[in-house]
Structures are given as C-alpha cells and as structure tokens.
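There are 2 protein chains.
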Amino acid sequence: MTRSRLTPERESELYGAVLDLLREVGYDSLTMDAVAARTRSSKATLYRQWHSKPELVARSLQQVKPSVTGEIDTGSLRGDFHEMMSRADDEEMERDSALMRGLLQAVHNNPDLYDALRKLLIEPEMQALRTLVERAVERGEISADNPAVDFIPHMLFGSFFARQMIEDKVPDRCFLTRYMDSVVLRALGV
Amino acid sequence: MTRSRLTPERESELYGAVLDLLREVGYDSLTMDAVAARTRSSKATLYRQWHSKPELVARSLQQVKPSVTGEIDTGSLRGDFHEMMSRADDEEMERDSALMRGLLQAVHNNPDLYDALRKLLIEPEMQALRTLVERAVERGEISADNPAVDFIPHMLFGSFFARQMIEDKVPDRCFLTRYMDSVVLRALGV
Chain F
0 MTRSRLTPER
10 ESELYGAVLD
20 LLREVGYDSL
30 TMDAVAARTR
40 SSKATLYRQW
50 HSKPELVARS
60 LQQVKPSVTG
70 EIDTGSLRGD
80 FHEMMSRADD
90 EEMERDSALM
100 RGLLQAVHNN
110 PDLYDALRKL
120 LIEPEMQALR
130 TLVERAVERG
140 EISADNPAVD
150 FIPHMLFGSF
160 FARQMIEDKV
170 PDRCFLTRYM
180 DSVVLRALGV
Chain W
0 MTRSRLTPER
10 ESELYGAVLD
20 LLREVGYDSL
30 TMDAVAARTR
40 SSKATLYRQW
50 HSKPELVARS
60 LQQVKPSVTG
70 EIDTGSLRGD
80 FHEMMSRADD
90 EEMERDSALM
100 RGLLQAVHNN
110 PDLYDALRKL
120 LIEPEMQALR
130 TLVERAVERG
140 EISADNPAVD
150 FIPHMLFGSF
160 FARQMIEDKV
170 PDRCFLTRYM
180 DSVVLRALGV
C-alpha cells in the first residue's frame, strides 16, 4: 500500500481537479464519485491513495499557488499594499474566492481540514503581512501599538467574503484597491 | 393544493427546524429527509407545501429575527455603533454567523436563494446602516463623500466571515467592539 503507483504529474493533475470541483460545488457536494469521473480514475484508486475525502482535499490544498506577498518591499506600507494589488490577478482572485467560499462551512465541521487550510494558505499570508507591517513600524510609518494592526488580516480576508455576500461579486483589483485606500490604510492612519 | 393544512404555529416550527439544520450542516448537506426526520413530518407533506428545498429554505429565512439597527439613535455615530454592539447577543451572533456560513456557497449557485437572503436579511441591515450614516452626515460628524462610507457593510459583514476563517471563532461582542473602534470608526475618521 504505497503512493508510488501514480506519477507526480498524475497526482498533481488529480489535486488540480479536486480544487476545481471544490470551487464549483463546494466541499459538501464534492463526492469521490465526482472526483473519479472528472479525473477518469477509479474510486478504488482514490481510496487506496488518500483513504478519505478530507485527506484528499487537504493534500490538494498544497497545490494552491503560494502567495507572493512575502516578496514585496517597496519602501512604504502604502506602496507595499498597492504592489500587492497590482500583482493580484482578477482571475486568480476569483479562484481564491471560490475556494474559500467552498471551504468555509466544511472547515467549521472538520478540524483536520481547518488545520490544513490554516497551515497551507492562511498562516503564510498572515506571516507575510506581519513582515510588511514590521518594516512599516521600523520605518516609523505606523506605531507598533496601532489598534488596527491586529485586524489587517480580518479586513483583507473579510472583503473577499463580504463582497460575495453583499454584491454577489468576487473582489476584483479595482474594488480591492479602493478598499485598501478607503478602509485598510485609513484605519491604520497611513 | 393549499398551504392551509398546517397551522401557523406548525409552519413556524418547521421553518425554525430548517434554520437550525442550515446552521448545523450548511445548505448542501441539508436534505428534505433530514427536515422530515427533525420535524416528524413526511417528505410528501414538505413537498406538497413547499415544492422544493430552495423554496423551503427561502421561506424559512423570513423567520430570522429582524435586525434592531434601524431603531438606534443615540445622537452620535460612535454611540450608535456602540449601541449596536451592546444590543448584540453573543448567542445570536453565533447563530447569524452559522447561517451565513451555511448559505455562502449555496447562494452563489442558486440565484433565487441569493435574492431571498439579500431581500430578507442583507438589504434591511444595509438600509438601517445608511440611516445611521445619513444622520451622522447631517450632524457634520462625517462628510457625505467620506470614501469609507461605501464600505461600512463590507467591514461589518466581512468581520463575521474573516474571524471564522482566521481564528475559527465566531465574532463575539468583545471582538466586535474592538473591531468597531479599531477599524470601522478609524476608517471613517470619527
């Protein structure tokens, strides 16, 4: 019982298909049958390799393109945030929003899945944001005890969900740039 | 084929059970079988009365306790927002968060359900917020073209989702009060 029966390319193709299904129908409606059909594999193969749907989904999350926020360093917090936006791609944001939407209920009911999401996607982004903020504090742009600092991740992640709920739209670069200037930077007093 | 076979009390009991199930398992996993079991009714009765799951869920949303934001008028925007928080009940926020979480993916895939959610829950809350803000503009507390004004609903709704995603916690009164002071009121420059 090893994982060696699938090539890395085939594994990666399978994970990609799982992510696509997650975005389309959400976690609860994602069945192993649907994964098997989409990837032309047998359910037996899927269960032999991954044992369960939560395990398959958690492993698939590792395929999500890593955030680029950590590489940004323009010399000012406003510049860094705007650079984040200019690197964001509308199609990618649509895909990320769909993924978060598809997982929100599931991670609440499935702690292992939540841990995977947190470790693979949320924690790296929060760490990158902390780095940007620490540099802004060192430069004297904001004070370390600025009360809005703790809420930067909430402001950013929140906007993805809120726009879907309020306007039934996924945030695009234009929306996020306005939101960044009107909410995030103003709350920080930058 | 009328709706008169159920008493109003029985109807309301059924809607309450549907909302409870929505909060527990989300829309996709909510089955007519589960509603029938929970409410000790037959599936035939449910389909005779409501025809489909989306219709039953949309009607159930009408049972959600209406927002009290519209009644608030303390004389200042800060006071109004704090009054909103002090009227909020942690248990109620937990229930509201669970409902939004359970519906987010479903409303994306089901326009009729989105319209019901928007009309019954989102639009009344946004209208109430607009009233608070208009009074603040009249009092000269904020200017009508304050760029953060358009995003007040995003900041508030967003925090419900973001805290669940980032901390796996539902917002409670203490969190929301800090968020209101550190983000919403600061972004508005109040």
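Top line first, the protein sequences correspond to chains F and W. Heads up, the first sequence is in numbering that gives the first Met the number 0, so the first residue is 0 and it goes up one at a time. Heads up, the second sequence is in numbering that gives the first Met the number 0, so the first residue is 0 and it goes up one at a time. All residues carry an ideal CB built from backbone N, CA and C; glycine is no exception.
| message | Counting only beta-carbon separations shorter than 8 Å, does F/Gln163 have a partner in chain W? | response | Using beta-carbon distances, F/Gln163 counts as an interface residue toward chain W, with a partner under 8 Å.
| said: Tell me which residues share the same chain as F/Lys168 and place their Cβ nearer than 8 Å to its Cβ, disregarding the 5 neighbours each side in the sequence. | reply: These residues qualify, in order along the chain: Arg162, Phe174.
| Proximity to W/Met92 [Cα-Cα], best of W/Arg172, W/Leu187, W/Met179, W/Val24 | With distances taken between Cα atoms, W/Met92 lies closest to W/Arg172.
| query | How big is the Cα-Cα spacing for W/His129 and W/Phe159? | reply | Just to set this straight, residue 129 of chain W is Arg in the shown sequence, not His. Within the model, the alpha-carbon separation for W/Arg129 versus W/Phe159 is close to 19 Å.
| Of the choices W/Leu98, W/Thr176, W/Arg39, whose alpha-carbon is the least far from that of W/Glu82? | Considering only alpha carbons, the answer is W/Thr176.
| query | So, is the C-beta of W/Tyr126 closer than 8 Å to a C-beta in chain F? | reply | Looking at the sequence itself, residue 126 of chain W is Gln, so the reference to Tyr does not match. It does not; no Cβ of chain F falls within 8 Å.
| task | Output yes if chain W places a C-beta closer than 8 Å to the C-beta of F/Leu98; else output no. | result | False, the Cβ-Cβ gap to chain W never drops below 8 Å.
| message | For F/Ile165 and F/Val17, what's the separation of their Cα atoms in angstroms? | response | F/Ile165 and F/Val17 have their C-alpha atoms some 28 Å from each other.
| request: Spell out whether any CB of chain W is found under 8 Å from the CB atom of F/Asp180. | output: Yes, because at least one Cβ of chain W sits closer than 8 Å to the Cβ of F/Asp180.
| query | For W/His153, is the classification buried or exposed, using 16 other Cβ atoms within 10 angstroms of its Cβ as the cut-off for buried? | reply | Residue environment for W/His153: buried (at least 16 other C-beta atoms within 10 angstroms of its C-beta).
| Between F/Asp171 and chain W, is there a C-beta pair that is closer than 8 Å? | Not one chain W Cβ lies under 8 Å of F/Asp171.
| query | Counting Cβ pairs closer than 8 Å, one from the segment 83-90 of chain W and one from the segment 12-26 of chain W, do we hit at least three? | reply | Result no; under three Cβ-Cβ pairs closer than 8 Å.
| List, in order along the chain, the chain F residues whose C-beta lies closer than 9 Å to that of W/Ile141? | Simply none; closest approach about 12 Å.
| message | I'd like to know if F/Met84 contacts chain W, where contact means its C-beta is closer than 8 Å to some C-beta of that chain. | response | Output row for F/Met84: interface = no.
| Which residues, in chain order, does the segment 92-123 of chain W contribute to contact with chain F at a C-beta distance below 7 Å? | Within the segment 92-123 of chain W, the qualifying residues are Met99, Arg100, Gly101, Leu103, Gln104, His107, Tyr113, Ile121.
| task | For the segment 150-162 of chain F, enumerate the residues whose C-beta is nearer than 7 Å to any C-beta of chain W, in chain order. | result | Answer set for the segment 150-162 of chain F: Phe150, Pro152, His153, Met154, Phe156, Gly157, Ser158, Phe160, Ala161, Arg162.
| Test: W/Asp167 CB closer than 8 Å to a CB of chain C | Chain labels in this structure do not include chain C; the protein chains are F and W.
| Three-state secondary structure (DSSP) of F/Asn108 | Three-state result, F/Asn108: helix.
| Which runs of the alpha helix (DSSP H), 4 residues or longer, sit entirely within the segment 2-85 of chain F? | Here the runs fully enclosed are 7-24, 31-38, 42-49, 52-60.
| task | Could you work out which residue in W/Ile141, W/Met31, W/Ala105 is closest to W/Tyr46 when comparing CA atoms only? | result | Here the closest residue by C-alpha is W/Met31.
| request: Can you have a look at F/Asp79 and say buried or exposed, based on whether 16 or more other CB atoms are within 10 angstroms of its CB? | output: Here F/Asp79 is buried, its C-beta having at least 16 other C-beta atoms within 10 Å.
| Nearest-angstrom Cα separation, counted from W/Val56 out to F/Met125 | One Cα belongs to F/Met125, the other to W/Val56, and the distance between them is close to 36 Å.
| Is DSSP giving W/Val189 helix, strand or coil here? | Here W/Val189 sits in coil by DSSP.
| said: Please report the straight-line C-alpha distance between F/Ile151 and F/Val183, rounded to a whole angstrom. | reply: F/Ile151 and F/Val183 have their C-alpha atoms some 7 Å from each other.
| W/Ser28: contacting residues in chain F (beta-carbon distance under 7 Å) | For W/Ser28, the chain F residues whose Cβ falls inside 7 Å of its Cβ are Asp27, in order along the chain.
| message | Does F/Ala143 pass the burial test, meaning 16 or more other C-beta atoms within 10 Å, or should it be called exposed? | response | F/Ala143 is exposed by the Cβ-count criterion.
| query | List, in order along the chain, the chain F residues whose C-beta lies closer than 8 Å to that of W/Ala43? | reply | Counting only Cβ-Cβ distances below 8 Å, W/Ala43 has no contacts in chain F at all, with the closest Cβ about 25 Å away.
| Of all the CB atoms in chain F, is at least one closer than 8 Å to the CB of W/Pro146? | Interface with chain F (8 Å Cβ-Cβ cutoff): W/Pro146 is included.
| N- and C-terminal bounds of the alpha helix (DSSP H) containing W/Pro152 | Judged by DSSP secondary structure, W/Pro152 falls within the alpha helix (DSSP H) whose first and last residues are 151-166.
| query | Comparing alpha-carbon positions, which option in W/Leu21, W/Leu112, W/Leu120, W/Asp114 lies nearest W/Val67? | reply | For W/Val67, the nearest C-alpha among the options comes from W/Leu120.
| Touch check for the segment 18-28 of chain W and the segment 97-117 of chain W: three-plus C-beta pairs under 8 Å? | The segment 18-28 of chain W is in contact with the segment 97-117 of chain W.
| task | Following the continuous alpha helix (DSSP H) through W/Leu119, name the residue where it begins and the one where it ends. | result | It is not in any alpha helix (DSSP H) - W/Leu119 carries neither H nor E in the DSSP assignment.
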